Amino acid sequence: MIHNSYLDNRCPTMSNTLQSVIAQTLPFEDQKPGTSGLRKKVRVFMQKNYTENFIQCIFDALGDKLKGSTLVVGGDGRYFSKPAINTIIRIASANEVSKLIIGQLGILSTPAVSALIREHKVLGGIVLTASHNPGGIRNDFGIKYNIENGGPAPDNITNSIYELSTKITQYKTTPTLETDRLIDILGTSKFNVDGRQFTVEIIDSTTNYVNLMKQIFDFNKLRALIRGTDQRPAFNVLLDSMNGVTGVYVRNIFVEELGASPDNNVRRVVPLDNFGEIHPDPNLTYAKDLVDKLKEDSNYDFGAAFDGDGDRNMILGKNAFFVTPSDSLAVLANNLECIPYFKKNGVNGFARSMPTAAAVDRVAAKLGKEIFEVPTGWKYFGNLMDAGRLSLCGEESFGTGSDHIREKDGIWAVLAWLSVIEHKQMGVEEILKEHWTLYGRNYFTRYDYEECETEGANKMINRLEGFIADGGLVGKAYTALGKTYKVAKADNFSYVDPIDNSVAKNQGIRILFEDGSRLIYRLSGTGSSGATIRVYIECYEKEDVLTDAQVMLKPLVEIGLEISQLKEFTGRNQPTVIT
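For the sequence shown, my numbering assigns the number 684 to the last residue and increments by one with no breaks.
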């Protein structure tokens with residue numbers, strides 16, 4: 106259990122010279138990073154040398170830049186975090202890293218890591234998280250590397266890490282460096298390792314990030330919204346951290362700074378290493394407790410949930426009115442003028458991941474802004490932001506963010522939504538209906554089939570790729586429930602980065618219909634076992650904008666299952682999650 110009251114003791118300085126050693130090891134075959142780092146079951150990481158190998162390969166991939174560098178380290182506090190941090194400290198000291206900046210108790214949200222990298226202008230950071238995946242000894246752990254701009258490592262670095270992991274024979278470590286209580290107490294410790302000074306600074310997990318949010322948003326207006334004024338009643342929020350890392354940030358920002366009630370406006374705000382045995386994924390299935398609470402209690406005007414490491418968000422209005430991430434991105438894009446950060450810096454452009462519905466594209470067209478469609482994975486937004494061509498972006502997987510950092514950011518998204526609500530003096534449902542009236546509605550849903558048998562999932566994708574190769578889908582018409590859709594194009598999405606011309610291929614099977622409707626099929630890169638198949642279904646309606654989304658999309662769902670033969674290949678009659 107982690108609390109937000111921290112000791113302010115200083116760690117002692119150690120003057121005795123410590124000696125690093127070279128430890129022999131053998132490679133593992135399964136250390137290929139996915140969409141966002143290496144994710145496996147905890148017991149996989151607990152294997153002898155498994156974590157050591159991967160950390161050494163990260164350092165080796167960085168080459169000469171590593172010597173004398175500073176790195177940020179932290180994560181969502183899930184099970185195995187402390188042993189992993191101890192390993193990182195010892196291996197970093199032996200590899201001539203000069204300094205580590207670590208969140209107290211190892212706690213740093215993924216957005217906070219990105220913010221710290223950018224604030225201190227350091228080489229990068231190591232994030233210990235499996236994001237929205239469940240935690241605890243029976244579940245998942247993860248390690249990913251973030252680069253100098255604060256964003257996830259691009260493909261060339263993760264490919265290098267994997268290549269090194271296939272042939273590693275040794276790693277460097279300082280076994281006598283005492284780490285057991287090092288991350289518990291705020292302060293700076295200095296060690297002499299092989300005649301070099303090695304520094305470990307333990308910092309408050311929230312200070313830097315909270316200060317950044319204060320620079321972006323008008324906290325006075327948000328405080329008046331949440332607490333109410335003489336002219337306006339309090340806007341009643343319920344924020345669910347799902348026992349993840351955002352709990353410390355929610356308490357600091359929403360309770361201490363903005364005046365929300367610790368008893369009535371926030372829930373599950375104590376980070377637990379197993380997330381209280383829940384699945385910390387902010388969607389309608391895994392955050393059902395929050396959804397039910399808003400349905401039961403009409404006093405709540407707004408709800409939001411966050412995932413384990415704090416980079417994802419779900420937005421709900423009164424009576425649990427659900428905002429799809431695609432619509433959330435579009436609404437924010439259409440209302441950025443109410444946020445001081447964008448008033449000051451302007452708005453350069455928008456972007457979405459390829460599977461995300463095209464609602465934001467319509468906003469970009471109206472506002473005369475560039476719009477980019479990129480592969481799934483936040484790393485693809487970084488180059489565009491660094492080049493000054495992108496201000497706001499999002500993924501349908503409940504990720505939204507801006508160029509204030511280089512990660513998606515759940516807390517930021519909620520503060521942005523509350524800023525829009527305060528500015529427009531409207532509730533969530535009113536804002537969405539106004540938006541649909543202006544732009545039309547991109548109906549969207551995603552079906553997730555989790556932990557499928559890998560062979561069957563691969564056969565399904567291979568069959569679809571065969572259709573693309575022989576052109577067998579183009580021009581074909583499919584009918585279900587009285588609606589007919591004709592295929593205009595089918596491909597496996599590829600992306601050429603407009604900044605550095607790097608190419609990402611095979612990013613998802615797309616079936617595009619003549620009316621603009623879409624079916625997308627992907628194997629997820631965020632699972633730790635088996636295969637997760639994601640099917641994305643989208644159609645656009647200009648006038649009929651108030652029909653239930655699942656009803657509107659049902660014909661396309663049927664067609665999507667017919668084309669893919671998903672039931673036949675996986676044996677699954679129902680998805681694990683529908684969002």
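Positions of the beta carbon are idealized from the N, C-alpha and C atoms, including for glycine.
Predicted, not measured: the structure shown is a model, and the values here were computed from it.
Return the Cβ separation of I701 and I308 in integer angstroms, given the expectation that the two are a contact with Cβ distance under 8 Å.
-> Any question about residue 701 goes unanswered here, given that the chain covers just 106 to 684.
Please classify R301: does DSSP put it in a helix, a strand, or coil?
-> strand
Entirely within the stretch 455-511 and at least 3 residues each: give me those beta strand (DSSP E) ranges in chain order.
-> 475-479, 497-500 and 504-507
How big is the Cα-Cα spacing for I79 and T351?
-> No answer is possible for residue 79: the residues shown for the chain start at 106 and end at 684.
Is the CB-CB distance between G247 and R144 below 8 Å?
-> yes
What first and last residue would you give for the alpha helix (DSSP H) that runs through R195?
-> S186 to A199
Where does the unbroken beta strand (DSSP E) through A636 begin, and where does it stop?
-> A636 to E646
C-alpha distance - L578 paired with M318, whole-angstrom precision = Going from the Cα of L578 to the Cα of M318 covers about 48 Å.
Name, in chain order, the residues that DSSP records as bridge partners for C557.
-> A636
In DSSP terms, what E534 is bridged to | Partner(s): none; E534 has no beta bridge.
Cβ-based burial, I127 [other Cβ within 10 Å; buried from 16] | exposed
Nearest-angstrom Cα distance between G180 and L213?
-> 5 Å
Reduced DSSP category for A609 - H, G, I as helix; E, B as strand; rest coil | strand
Beta-carbon spacing of C644, L661 below 8 Å = yes
Between V479, F296 and L389, which lies nearest to A463 when the distance is taken from Cα to Cα?
-> Nearest C-alpha to A463: V479.
For the beta strand (DSSP E) holding A409, just list the boundary residues, first then last.
-> It spans F407 to F411 - the beta strand (DSSP E) in which A409 sits, taken as one unbroken run.
Is the Cβ-Cβ distance between K484 and G256 less than 8 Å?
-> yes
By a C-beta neighbour count over all protein chains shown, 10 Å radius and 16 as the cutoff for buried, is V305 buried or exposed?
-> buried
Below 8 Å between beta carbons: does that hold for T284 and N191?
-> yes
Given a threshold of 16 other Cβ atoms within 10 Å of its Cβ, counted over all protein chains shown, does E648 qualify as buried or as exposed?
-> exposed
Can you tell which of G381, G621 and L269 has the C-alpha that lies nearest to the C-alpha of A183?
-> First, the amino acid is wrong: residue 183 is Arg here, not Ala. The shortest Cα separation from R183 among G381, G621 and L269 belongs to G381.
Please report the residue range of the beta strand (DSSP E) in which K591 lies.
-> Segment K588 to N597, the beta strand (DSSP E) holding K591.
DSSP on N114, reduced to helix/strand/coil?
-> Here the model assigns N114 a pLDDT of 38, short of 50, so the residue's position is not dependable, and the following value carries that caveat. In the three-state DSSP reduction, N114 falls in the coil class, being neither helix nor strand.
Would you call the stretch 360-373 and the stretch 321-331 touching, i.e. three or more CB-CB distances under 8 Å?
-> yes
Would you call the stretch 258-277 and the stretch 161-178 touching, i.e. three or more CB-CB distances under 8 Å?
-> Under the three-pair Cβ rule at 8 Å, the stretch 258-277 counts as touching the stretch 161-178.
For L399, write down the residues that DSSP places opposite it in a beta bridge.
-> Answer is none; L399 lacks a bridge partner.
Go ahead and pull the three-state DSSP assignment for N678.
-> coil
Closest residue to L543 among N606, T584, G211 and V468 (Cα-Cα distance) | Checking every option, the nearest Cα to that of L543 belongs to V468.
8 Å Cβ cutoff met for V298 and S198 = It is a contact, given that the beta carbons lie within the stated cut-off.
In terms of alpha-carbon separation, which member of Q161, T293 and R223 lies closest to T279?
-> Minimum Cα-Cα distance from T279 among the listed residues Q161, T293 and R223 corresponds to Q161.
Could you tell me whether the Cβ atoms of A53 and M347 are closer together than 8 Å?
-> With the chain covering 106 to 684 only, the question about residue 53 has no answer from this structure.
Cβ neighbours of A585 in the same chain (closer than 6 Å, five flanking residues each side left out) | P660, E663 and I664
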